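Worksheet: one structure, shown below.
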Amino acid sequence: MEELQASLQPRGLTLSTFPDKGRSLLAARGFYPGEVIISQEPYVCVPNNSLTESRCDGCFSKSNLKKCSACHVVWYCGSSCQKLEWKLHRLECQLLAKLDKERRKSVTPTIRMMVKLYLRRKLQNGNVIPVTAMDNYNLVEALVSPILFSLKLEKDMSDIDEKQLLLYAQMANLVNLILQLPNIDIKEIAENFSKFACNAHTICDSELRPLGTGLYPVISIINHSCLPNAILVFEGRLAVVRAVQHIPKDSEVSISYVETAASTITRQKTLKEQYLFTCTCVRCNKLGQYDDLQESAILEGYRCRDYGCSGFLLRESDEKGFVCQQCGLIRNKEEIRKIASDIKALSDKALKCSSSGNLQEAIVLYKNIEKLQKEVYHPFSIILMRTREKLLEILMQLEEWKEALTICRLTIPVYERVYPGFHPLLGLQYYSCGKLEWLEKYIALVIDFILWFTSFVHLLLRETDDAIKSFTKAVDILRITHGTSTPFMKELLMKLEEARAEALFKLSSREDS
């Protein structure tokens, strides 16, 4: 790791090892919000292709795709992406082309990524692909494997699901069958699959929609915190880590591995199941304290039966009901169980409708779910927030802009509560709200064109001002998490300038009239 240490030094970073965390990335100088800490191209990556959706292997685009005529597995959007990937795909293509049609269907994106991992190692060993301190197979070998981790701690492997171990073994056998390389170790392949589970990253677009999966061995050194000082985003396939708060010299750089909008118990459970460790960050150290119980009850618990009360509920000692910690009213457990059962039945139907494309029926069902959830869950419940997110998604698909804006505005206070100030999801929700407010301006144009000119201008001015406020909030956050040079951010900044220019025009027109 000496070469990696030397490569990190000019970037203002250093590697260190702690007994309770293992390898860690430390700041050798101060970093400020929005500053790029480190970036890395993937060692290997694959798009999330399925039977219903395909993406280019080079840029993950869905446009102008053509399937490789030899292997019939990989897609490209053009010759430039094909040339970019050719050194690696030339070998992969030969192997995939040998498989029969049925076996080829078993080649999932994860299987492909493992095949590409070993082929890239082979090409680097043969000096066909250059080796650098930030791009070599030794970095992959150094990644933590849950299997080896359990053996090292002399654990009984109980933390790793037995079915998962069997799946790793079956997948390793398929990879071995495809590769047919001499001296390949099936156990090593299985261990690498377990490394993928803990270390591979979901590659997302600028709006955090998943596109593919990639292995970034240096980025994977960065440890987790439920209150991180950095954020991981992607510019194409490039992984970029930016500071979201001031990181003083000698401080550890941290990102979040899991959704942070959850109770401490939920976050701890997710981290333990997927990453096999217990988080001891500032947020998690409050587990069991009154503030933590209150936050958990608000995020994932129930509301007081007095709708005018904003209190949160905790379970009674006899477990027959829940007591409001503000007004003392008791809510019957059976009443909550009945509503929860109705919500579950409606949710199953809504999922089937949305999956089958029956969006109008799905909207009706999700509205009924939201109505029931408002009766039982706290207004800041993330369960209610998720339902509204689904409603928003479907309403936007149906181009029901006015109703979508109403739902989007309802989610903003919850986002502001559950996400830190510079979280990209908060910035993106402001952006969605701004776009809907901008569309609302044109809806007003159609509906109110017969109104008297002065009142009409006043209406458009108010809606433009709303859009400006939302776009400005989005820019304030996303310039920190995304930078300002990506096409996504340039589009956002352009929308903000257009809205400001139109507001000035409307204001001057109003004054002239």
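Letter by letter, the sequence shown follows residues 1 to 513 of UniProt numbering. C-beta atoms are modelled at their ideal positions from N, C-alpha and C, and glycine is treated no differently. On a predicted model such as this, the values are computed, not experimentally measured, just so you know.
For Ile394, which residues of its own chain have a beta-carbon under 8 angstroms away from its beta-carbon, when the five flanking residues on both sides are left out?
-> Ser354, Leu359, Ala362, Ile363, Tyr366
Going by beta carbon distance, what residues of the same chain come within less than 8 angstroms of Thr411, once the five residues before and after it are set aside?
-> Met385, Arg388, Glu389, Leu392, Gln429
Sorted by chain position, which residues of the same chain lie with C-beta nearer than 8 angstroms to Arg11's C-beta, five sequence neighbours on each side aside?
-> Ile37, Ile38
Ser206 versus Met494, Leu179, Gly483, residue with shortest Cα-Cα distance | Gly483
DSSP on Ser7, reduced to helix/strand/coil?
-> helix
Spatial neighbours of Glu85 within its chain, please: CB distance less than 7 angstroms, with the 5 preceding and 5 following residues excluded, ordered by chain position.
-> Asp57, Gly58
Same chain, Cβ closer than 6 angstroms to Pro19, five either side skipped, listed in chain order = none
Using DSSP with H/G/I as helix, E/B as strand and the rest coil, what is Leu215?
-> strand
For Leu153, count neighbouring C-beta atoms within 10 Å of its own C-beta (all shown protein chains included) and say buried if the count is 16 or more, exposed if not.
-> In this prediction, Leu153 scores a pLDDT of 43, lower than 50, which makes its location untrustworthy; no coordinate-derived value is stated.
Report the partner residues of Lys67 according to the DSSP bridge assignment.
-> Trp75
Give the single residue among Ile330, Ile336, Ala142, Asn368 whose Cα lies nearest to the Cα of Asp348.
-> Asn368
Curious, which full-length beta strand (DSSP E) runs of at least 3 residues does the stretch 204 to 266 contain?
-> 210 to 215, 230 to 235, 238 to 243
Whether Phe234 touches Ile203 by CB criterion (8 angstroms) = yes
Can a CB atom of chain C be found closer than 8 angstroms to the CB of Leu165?
-> Protein chains in the displayed structure number just one, and chain C is not present.
Return the bridge partner residues of Gly321 from the DSSP annotation.
-> Asn332
Going by C-alpha distance, which of Asn136, Cys77, Gln180, Leu15 is nearest Leu91?
-> Gln180
Enumerate in chain order the residues of its own chain whose CB-to-CB distance from Ala404 is below 6 angstroms, with the five nearest sequence positions on each side excluded.
-> Leu392, Leu395, Met396, Leu436
Can you list, in chain order, the residues of its chain whose CB lies under 6 angstroms from that of Thr17, leaving out five sequence neighbours each side?
-> Arg23
Report buried or exposed for Tyr76, applying the criterion of at least 16 other Cβ atoms within 10 angstroms of its Cβ.
-> buried
Specify, as a first and last residue, the run of the alpha helix (DSSP H) that Pro109 falls within.
-> 109 to 125
Option in Gly30, Ala230, Gln245, Arg237 with minimal Cα separation from Tyr257 | Ala230
Leaving aside the five residues before and after Glu300 along the sequence, list all residues of the same chain whose C-beta is less than 8 angstroms from its C-beta, in chain order.
-> Ala262, Ser263, Thr266, Ser381, Ile382, Ile383
Taking the Cβ atom as the reference point for each residue, do Asp250 and Ala6 lie within a distance shorter than 8 angstroms?
-> no
Is the stretch 126 to 134 in contact with the stretch 192 to 201, if contact means three or more CB pairs nearer than 8 angstroms?
-> no
Going by C-alpha distance, which of Arg315, Thr108, Ala200 is nearest Tyr43?
-> Ala200
Since Thr14 is in the beta strand (DSSP E), which residue starts that stretch and which ends it?
-> 13 to 18
Check Leu461 in the structure and name its three-state DSSP category.
-> Below a pLDDT of 50, predicted positions are generally treated as unreliable, and Leu461, at 48, falls in that range; no measurement from the model is reported.
Give me the Cα-Cα distance between Leu346 and Gly321, rounded to the nearest whole angstrom.
-> 24 angstroms
Of all the options Ile221, Ile186, Leu232, which has the alpha carbon lying nearest to the alpha carbon of Leu208?
-> Leu232
Going by CA-CA distance only, name the one from Ser69, Ile477, Leu426 that's closest to Val414.
-> Leu426
Report back the beta-carbon spacing between Tyr302 and His246 to the nearest angstrom; my notes put them in contact at under 8 angstroms.
-> No, Tyr302 and His246 are not in contact; Cβ-Cβ is about 38 angstroms, not under 8 angstroms.
For the putative contact between Ala467 and Gly434, defined by C-beta atoms under 8 angstroms, what is the C-beta separation to the nearest angstrom?
-> 5 angstroms
What is the residue span of the alpha helix (DSSP H) that Pro413 lies within?
-> 401 to 418
Express the C-alpha separation of Phe277 and Thr260 in angstroms, rounding to a whole number.
-> 16 angstroms
Taking Cβ to Cβ, would you say Thr52 is nearer than 8 angstroms to Arg242?
-> no
Span of the beta strand (DSSP E) around Cys45 | 44 to 47
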